[in-house]
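Residue numbers (my numbering), protein chains in the order written: chain L, 1 to 796; chain F, 797 to 849.
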Amino acid sequence: MTENAIIEKTICYHCGDECLTPEFIIEDKHFCCHGCKSVFQILSENKLCSYYNYNDHPGATRTKTDKRFDYLNEPSIIRDLIDYTDEKITIVTFYIPHIHCSSCLWLLEQLNKINPAIYNCRVDFLKKQLNVRFDHQKLGLRQLVELLFDIGYEPLISLQDIIKKQNSTTKDNLVQKIAVAGFCFGNVMLLSFPEYFGLSAHEQTLRHFFGWLNILFCIPAVFFSGSGYFVSAWQNLRNKVLNIDFPLALGIAVLFLRTVVEILTHTGPGFGDTLCGLVFFLLIGKFVQKKTYNHISFERDYRSFFPVAVHIIAEGSEKPTPLSQLRIHHRIVVRNNEIIPADAILLKGEALIDFSFVTGESVPVSKTLGEIIYAGGRQTGEAIEMEVIKPVSQSYLTQLWNNEAFTRKQGNRMQTFNEKVSKYFTVVLLIIAFSSLIFWLSTDITRGLAAFTAVLIVACPCALALSTPFTMSAALSIFDRNLFYLKNTAAVEQMAGIDTIVLDKTGTITTGEGNTIKNDSILSEYQKQLIYSVCINSNHPLSKMICRSIVNMQRMAVAEYREIAGQGIAATIERHKIRIGSAKFLFGSAEGPSNASSVHLMIDEDYLGYYSFIHNYRVGMDKISALEPAYRLHLLSGDQDHEQYELAGFFKNIKRLHFNQSPQDKLDFIQLLQEQGAKVMMIGDGLNDSGALKQSDLGIAVTDNVNNFSPGSDAILDGKSFDKLPAFLRFSKDTVKIIHFSFLISLTYNLVGLSYAVTGKLSPLTAAVLMPLSTVTIISFTSIAAHVAAGKRKLL
Amino acid sequence: MSIIYFLIGCSVFMALVFLGAFFWAQRSGQNDDLYTPSIRMLLDDTKDEKSEK
Chain L
1 MTENAIIEKT ICYHCGDECL TPEFIIEDKH FCCHGCKSVF QILSENKLCS YYNYNDHPGA
61 TRTKTDKRFD YLNEPSIIRD LIDYTDEKIT IVTFYIPHIH CSSCLWLLEQ LNKINPAIYN
121 CRVDFLKKQL NVRFDHQKLG LRQLVELLFD IGYEPLISLQ DIIKKQNSTT KDNLVQKIAV
181 AGFCFGNVML LSFPEYFGLS AHEQTLRHFF GWLNILFCIP AVFFSGSGYF VSAWQNLRNK
241 VLNIDFPLAL GIAVLFLRTV VEILTHTGPG FGDTLCGLVF FLLIGKFVQK KTYNHISFER
301 DYRSFFPVAV HIIAEGSEKP TPLSQLRIHH RIVVRNNEII PADAILLKGE ALIDFSFVTG
361 ESVPVSKTLG EIIYAGGRQT GEAIEMEVIK PVSQSYLTQL WNNEAFTRKQ GNRMQTFNEK
421 VSKYFTVVLL IIAFSSLIFW LSTDITRGLA AFTAVLIVAC PCALALSTPF TMSAALSIFD
481 RNLFYLKNTA AVEQMAGIDT IVLDKTGTIT TGEGNTIKND SILSEYQKQL IYSVCINSNH
541 PLSKMICRSI VNMQRMAVAE YREIAGQGIA ATIERHKIRI GSAKFLFGSA EGPSNASSVH
601 LMIDEDYLGY YSFIHNYRVG MDKISALEPA YRLHLLSGDQ DHEQYELAGF FKNIKRLHFN
661 QSPQDKLDFI QLLQEQGAKV MMIGDGLNDS GALKQSDLGI AVTDNVNNFS PGSDAILDGK
721 SFDKLPAFLR FSKDTVKIIH FSFLISLTYN LVGLSYAVTG KLSPLTAAVL MPLSTVTIIS
781 FTSIAAHVAA GKRKLL
Chain F
797 MSIIYFLIGC SVFMALVFLG AFFWAQRSGQ NDDLYTPSIR MLLDDTKDEK SEK
């Protein structure tokens, strides 16, 4: 039966969803809804149907068909959104989440064929951004956004778009620094070869010429490319911290001074190539460490999904107002699919709020008049009127961001291995350097100075500084391949130090989408047909799920259809009275807290049981619970405790299940654990976990689609890889071991170099060979070892 | 052997030109988006076709 059903399924030509009704057909092409059909019509009118040739079903499903962009007429909002404007031209950049294939790219760059007032469109595929230049005399920003909406590419315009402009990141010129350092390195090495291979006595002028050129090349390498190390070392000294930048800066400075002195006094060829090579390799290490994910943002907070504007009712009319001007006692209108921006009391309308962004719970909750609705929910259904009772920044949800966890400076939550070691390393290095100086001082001052500088040159912790970035970047790319995205390299080390894992329930250990629907009662085909015919008329998510579970039925004509939002549907088909809805709707009495996610059926006063919606636990939950002896597991849930017995199977200690937790409670709980000395990893998914994610030593956001909203965190885990979490934890420990081992290797090189250096007879050639050799050893060792370790953990 | 001064001068000048070219490319944003052009070139140009119709 199921096989037949799959064959009979018709697929929407535009979006690829299943067509539930055969209503929308043009030119033999089936569409699932009016929205999809109208997009096709617009494209075919403009002869842009090649859109469908590049990919099958490139469009987004269009359940939402009403466009409300009137707030884009407000000059103050427009000003914040656009990048540039003058009399003729306006440039604006939109973030369009749906950009995903070559068809998207093709269509969005052809916008000028639909409206000639658009001059030029450019897509940045990885960032999912569209840059549009248009004539704002002929086409307003609102019309432009509506055009994008009409062709199925609604830009995501959020509060963060306005805020990001003010703190645009300072552009660092690391790539330029690397280019300069590489340029100097290549030239200096070439010019040093004659010296190493020997120049005859009558070629002394050449030697001086090469020496001068070397100095010339070293100057940009040190003062442009290497400047960051001096700045950082100086800042750390002032803060009384000895980090790895101090010996590095010292090494660069000593190398430069000795090179200049040797060349000017004609006492030697100097260490120009070692110097430039050092700076070059160090910067490469820095570059590798900075892995960027274009398509993922780790810094999202409530602003990135709150709307830009809200409709306020004042003097009997609606007016779009920027969110920043929303005050207490304003009456606001929130329509279908809009987000409630502030805590408010419901005054009018049937509220059916989807809190999936906040809690991860995908089944909407109905609210009654006079009830307080917390900000962050998304209204589904008709328009509602509400009165604001708290400012946007002070609501139940957003006040989390006022907590000190968000204001405190980030970065040193856990000391990395590098930081720990470099302190001792620097001290030992200085002791050796000064003792060799003192040892030779009594007999030979120049030899003493030579030994002193040579020690600082040879022991310059180049390999040490490179071991962490290269190991970590190899680890990051392995995590990346397994759909686990870490914000930075330090997060890997933090992960290795974790001993306590705290999990959120809804959306984190249960899947957000694809909840299965279960029906205990046995229904005849005719009854199924009746239920299908009723539910197909409703836009409620639960009705849609029921329709999807009863596949492909003939739809019957419905008489007397009546839908009461948040309660149920009553309808009559062929003189059968059908009532589908909550227990309260059918029997007039509530049935406990769990009734929100069960739908009861009644045909002709015969009770036929109910559909219940079960949360599926994510695959691999058993593997997580197997972590128990090594890691302490806790569960934090905002829900009631009615799932306690099912969860007890996963969590051995029932005392570690915590229910009814508010966002603030979650944050406080993490803080409590940390005060007890635990290193906590928080795994959550919704905005209500944001505080806990931020407070924890490593916050991981779980999401089913990395392009969708996920709260600010240190790492983003795709739900598909949830079962690999134990492997990730083990692998992070492996990488730390690799770093330790490569530290030993670099120490060995340092010791070999030191044995030459303390005698004061370090030849430039030895230094020039030793430095790149140790670098190459470390880089190849770390990347090979990281891949071997990943293979062992089955992550390749 | 004095030709070597001229040769080194030439080689350094050439290298500086390339370095300058790289700086220019970096400044003008040519390296900002390294992925989209690879898809863009696969798409057909339909401009002429449309005007003929």
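Glycine is no exception: its CB is placed at the ideal position from the N, C-alpha and C atoms.
Since the structure is predicted, the reported quantities are computational estimates derived from the model, not experimental observations.
Interface residues of chain F around Val123(L) at Cβ under 7 Å?
The contacting residues are Thr832.
Below 7 Å between beta carbons: does that hold for Cys535(L) and Ser524(L)?
For Cys535(L) and Ser524(L), no; Cβs fall outside 7 Å.
Tell me the rounded alpha-carbon separation between Leu815(F) and Gln176(L).
Approximately 9 Å, taken between the alpha carbons.
Kindly indicate the opening and closing residues of the beta strand (DSSP E) around Leu698(L).
Looking at the DSSP string, the run of the beta strand (DSSP E) that includes Leu698(L) is 698-703.
Just to make sure I have the definition right: I need the residues of chain F whose C-beta is within less than 8 Å of the C-beta of Phe40(L). Which are they?
Ordered by position in chain F, no residue passes the 8 Å Cβ test against Phe40(L), which lies about 17 Å from the chain.
Please go through the same chain and pick out, in chain order, the residues whose beta-carbon is closer than 6 Å to the beta-carbon of Asn73(L), but skip the five residues on each side of it.
Correct list, in chain order: Arg142.
If you reduce the DSSP assignment to three classes, tell me which class Leu657(L) lands in.
The answer is strand: DSSP assigns Leu657(L) an E or B state.
Between Leu346(L) and Ile312(L), is the Cβ-Cβ spacing less than 7 Å?
For Leu346(L) and Ile312(L), no; Cβs fall outside 7 Å.
Taking only beta-carbon positions, decide if Ser102(L) is within less than 7 Å of chain F.
Answer yes: the Cβ-Cβ gap between Ser102(L) and chain F drops below 7 Å somewhere.
Within 6 Å: the Cβ of Ile91(L) and any heavy atom of the ligand FAD?
You won't find the ligand FAD in this model; it holds no ligand whatsoever.
Could you name each continuous alpha helix (DSSP H) segment of 4 residues or more that falls completely within the stretch 1-52 of chain L, going from the start of the chain to the end?
As far as the stretch 1-52 of chain L is concerned, its whole alpha helix (DSSP H) runs of at least 4 residues are 2-8, 34-45.
Is it the case that the stretch 214-221 of chain L contacts the stretch 181-188 of chain L, given that we only count it when at least three CB pairs across the two stretches are under 8 Å?
Result yes; three or more Cβ-Cβ pairs closer than 8 Å.
Can a CB atom of chain L be found closer than 7 Å to the CB of Leu815(F)?
Output row for Leu815(F): interface = yes.
Under three-state DSSP, which class holds Ile564(L)?
Of the three classes helix, strand and coil, the one that applies to Ile564(L) here is strand, per DSSP.
Between which residues of its own chain and Lys37(L) is the CB-CB distance below 8 Å, once the five residues before and five after are set aside?
Same-chain partners within the cutoff: His14, Phe24, Ile26, Phe31.
Cα separation between Tyr645(L) and Ser625(L)?
Going from the Cα of Tyr645(L) to the Cα of Ser625(L) covers about 15 Å.
Can you tell which of Val458(L), Ala789(L), Thr468(L), Ile339(L) has its C-alpha closest to the C-alpha of Ala253(L)?
Closest option to Ala253(L), Cα to Cα, is Val458(L).
Answer with yes or no whether the minimum CB distance from Ile835(F) to chain L is below 7 Å.
Interface residue, yes.
When burial is assigned at 16 or more other CB atoms within 10 Å of the CB, is Lys655(L) buried or exposed?
Exposed, by the Cβ-count rule.
Could you work out which residues of chain L lie near Phe802(F), taking near to mean beta carbons separated by less than 8 Å?
Under the 8 Å cutoff, chain L gives no residues; its nearest Cβ is about 12 Å from Phe802(F).
Check whether the Cβ atoms of Leu698(L) and Asp714(L) sit closer than 7 Å, and answer yes or no.
Going by C-beta atoms, Leu698(L) is nearer than 7 Å to Asp714(L).
Mind checking if Asp844(F) is an interface residue toward chain L, Cβ cutoff 7 Å exclusive?
Residue placement at Asp844(F) is poorly supported in this model, since its pLDDT is 48, which falls under 50; the coordinates still yield a value, given next. No, because no Cβ of chain L sits closer than 7 Å to the Cβ of Asp844(F).
To be precise: take each residue of the stretch 35-61 of chain L, compare its Cβ to all Cβ atoms of chain F, and keep it if any distance is under 8 Å. Which residues remain?
Residues passing the 8 Å Cβ filter: Lys47, Ser50, Tyr54.
Can you check which of these residues, Phe69(L), Leu105(L), Leu174(L), is closest to Ala280(L) by C-alpha distance?
Correcting the residue identity first, residue 280(L) is Phe in this sequence and not Ala. With distances taken between Cα atoms, Phe280(L) lies closest to Leu174(L).
Under 7 Å Cβ-Cβ, which residues of chain F neighbour Leu275(L)?
Result: empty, since nearest Cβ-Cβ is about 18 Å, beyond 7 Å.
Ignoring anything shorter than 3 residues or poking outside the stretch 69-142 of chain L, list the beta strand (DSSP E) runs there in chain order.
Taking only runs of at least 3 residues, the beta strand (DSSP E) segments lying wholly in the stretch 69-142 of chain L are 90-95, 118-124, 129-134.
Checking the sheet assignment: what are the DSSP bridge partners for Gln379(L)?
According to DSSP, which records beta bridges pairwise, Gln379(L) is partnered with Ile353(L).
Which value, in whole angstroms, describes the spacing of the CA atoms of Lys47(L) and Asn688(L)?
C-alpha separation (whole angstroms): 46 Å.
Kindly indicate if chain F contains any beta-carbon less than 7 Å away from that of Gln166(L).
Unreliable positioning characterises Gln166(L) in this predicted model, as indicated by a pLDDT of 42, which lies under 50. A coordinate reading is not provided.
Evaluate Asn243(L) with the Cβ neighbour count: other Cβ atoms within 10 Å of its Cβ, from every protein chain shown; 16 or more gives buried, anything less gives exposed.
Counting Cβ neighbours within 10 Å, Asn243(L) comes out buried, since at least 16 surround it.
How long is the line joining the alpha carbons of Ser442(L) and Val788(L), rounded to whole angstroms?
Distance between the alpha carbons of Ser442(L) and Val788(L) is about 52 Å.
Since Tyr485(L) is in the beta strand (DSSP E), which residue starts that stretch and which ends it?
First-last of the beta strand (DSSP E) with Tyr485(L): 484-486.
Give the interface partners of Val175(L) over in chain F, defined as CB-CB distance under 8 Å, in chain order.
What Val175(L) touches in chain F: Gln822, Asn827.
What number of angstroms, rounded off, separates the C-alpha of Thr170(L) from the C-alpha of Lys290(L)?
At Thr170(L), the pLDDT of 46 sits below 50, so the modelled position is not reliable; the number obtained from the coordinates is stated separately. Looking at the two C-alpha atoms, the distance is approximately 15 Å.
Excluding five sequence neighbours on each side, which residues of the same chain lie with their C-beta closer than 8 Å to the C-beta of Lys165(L)?
Its pLDDT being 45, under 50, Lys165(L) is placed unreliably in this model, and the value from its coordinates should be taken loosely. Around Lys165(L): Asp80.
Between Lys390(L), Ile284(L), Glu350(L), which lies nearest to His329(L) when the distance is taken from Cα to Cα?
Closest by alpha carbon: Lys390(L).
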